[in-house]
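Take a look at the structure set out below.
Number of protein chains: 2
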Amino acid sequence: MKEGPDIARVAALLGDPARANMLTALMGGKALTATELAQEAGVTPQTASSHLAKLEAGQIVIPRKQGRHRYFTLSGPDIVEALEVMMGIANRVGHNRVRTGPKDPELRRARVCYDHLAGDMGVALFDGLSKRKLIKTDLNGVALTDAGVDFANGFGIDLAALRQNRRPLCRECLDWSARQSHLAGSFGAALLDRFYDLGWARRMSESRIVRFSAEGEQKFRELVGD
Amino acid sequence: MKEGPDIARVAALLGDPARANMLTALMGGKALTATELAQEAGVTPQTASSHLAKLEAGQIVIPRKQGRHRYFTLSGPDIVEALEVMMGIANRVGHNRVRTGPKDPELRRARVCYDHLAGDMGVALFDGLSKRKLIKTDLNGVALTDAGVDFANGFGIDLAALRQNRRPLCRECLDWSARQSHLAGSFGAALLDRFYDLGWARRMSESRIVRFSAEGEQKFRELVGD
DNA sequence: TTCATCATTCGATTATCATCGAACTATGAA
DNA sequence: TTCATAGTTCGATGATAATCGAATGATGAA
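So the sequences go chain by chain: W and X.
Counted the way full-length UniProt numbering counts, the first sequence spans residues 1 to 226.
Counted the way full-length UniProt numbering counts, the second sequence spans residues 1 to 226.
Laid out in structure tokens, this is it:
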């Protein structure tokens, strides 16, 4: 006992409902102000301020001052990873929130998972790219095929730039709502960016929902080979 | 807000020091009894029982009754993953436990990370296999090379059997003590098993420490090309 | 059966912490 | 300057939950 790093301190910081709501909101990838986070968490600004001070002291979030606002972001990809894993666990053991709001169906359909597409359409994307043999999955994980490289270039994705990053190009990410994998990694993020740029989809404000336009969805269906 | 699975409930279960200590102990891979876990956590049996009831209700651990003992194990690999990620975060932000016991140096040298080798020697293994080009790391992660496959067969590892499993063969796992990657996945686990079988090393009881014999260490050094 | 050990339940205590009202500071706009 | 908004600090309140002593049930050993 008394071995190693202190998990409890980190876990306790994620273990309060108000803080968990804030962090989940920050998984959207956008920096949010203290008041926005207070609303997300459903608490008063005073309470939110106290929570944010704790999260900041624990180096879970990083504040950035701009004018009279303070914008908060998650302190690193490891935080995202931790939240993702815990969502997977919570989903597996059936720890869903008591009230599932009206936004729930849309969320399960298409949402942003920090920077890539998740939900049913995220899973469809993964399956579609696999079926078209643009990505392949083996025991070592997911990888882009030669055909996939050609596709990426044709689709307007600069693979060379992505490779600059230390981050893996392709990564599986367990989708808590669909119980299947969707595509993460820098390639997954780049795909979603292209969907935005092409006008196929856009982020709903104040939410993780990704809404596709009619044409956008049709193009998407063609892409995944439906 | 009010979207998705309830992270907070899971995180709160991991967020108590006593429970975190218990779970860390279970990362050793062995099933432990309630009293053993009470000792690990540094609390009385009554308190431990209360914690274990909570963990069981939250499906974080699974009890198995045997005689008058109750043996507990982690409920799935996702729990291990969550604990690992949180250790990484805790280490990054410097949340180490206040008292670092006398076992600390040995732990940092060689310990079991659920089922594979971690610590300095775990990192040395990863580096050694890379240098000998038995494994390779690219943007898609770690993979066994052709030479690596030959090596595994010669070393007494049944890759065909490992492939039965859905689990990835090779996986990087961030070592919290060395701040570098060591080798996880079913191949990583199989390697450690062989070290045990060959008598190179053995598990210390009541701890995650892996202790190498003198000859064992020498063989290990040859293996990693020192 | 009798005894010892493992584990749980109950009850009481204690400490921690989330919460919010009120007051205060800081920044920007008019 | 004056006003409005963003955010924090302080203090009080209330609820939750961790802890352990004592008692109870359950299993195996003698």
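Glycine included, each C-beta is placed from N, C-alpha and C at the ideal position.
Residue-level contact check: D6/X touches chain W, since one or more beta carbons of chain W fall below 8 Å from its beta carbon.
In the DSSP assignment, S181/X falls outside any alpha helix (DSSP H) and lies within the beta strand (DSSP E) extending over S181 to A184.
Assigned with DSSP and collapsed to three states, G88/W falls in helix.
Comparing alpha-carbon positions, the option among E172/X, L134/X, R163/X and Q164/X lying closest to F155/X turns out to be L134/X. Pairing G188/X with G216/X gives a Cβ-Cβ distance that is not under 8 Å. In the three-state reduction of the DSSP assignment, P5/X falls in the strand class, which pools E and B. With distances taken between CA atoms, R109/W lies nearest to R211/W out of A34/W, R211/W, R9/W and A161/W. The beta carbon of M87/W is closer than 7 Å to those of W176 in its chain, skipping five residues each way along the sequence.
Between N96/X and chain W, the shortest Cβ-Cβ separation is below 8 Å.
Neighbourhood of Q59/X in chain W, by CB distance below 9 Å: I89, R92, V93, G94 and H95, in chain order. Within the model, the alpha-carbon separation for A201/W versus G185/X is close to 37 Å.
The three-state secondary structure of P45/X, taken from DSSP, is helix. Within the model, the alpha-carbon separation for N96/X versus G119/X is close to 16 Å. Within chain W, I7, A8, R9, V10, A11, A12, L13, L14, G15 and D16 have C-beta atoms less than 9 Å from the C-beta of G15/X, given in sequence order. One thing to note: V85/X has its Cβ within 8 Å of the Cβ of A82/W. Interface residue (Cβ-Cβ distance to chain W less than 8 Å): T24/X is classified as such. Burial of T24/W is indicated by the presence of at least 16 other C-beta atoms within 10 angstroms of its C-beta.
The beta carbon of P63/X does not come within 8 Å of any beta carbon belonging to chain W, so the residue lies off that interface.
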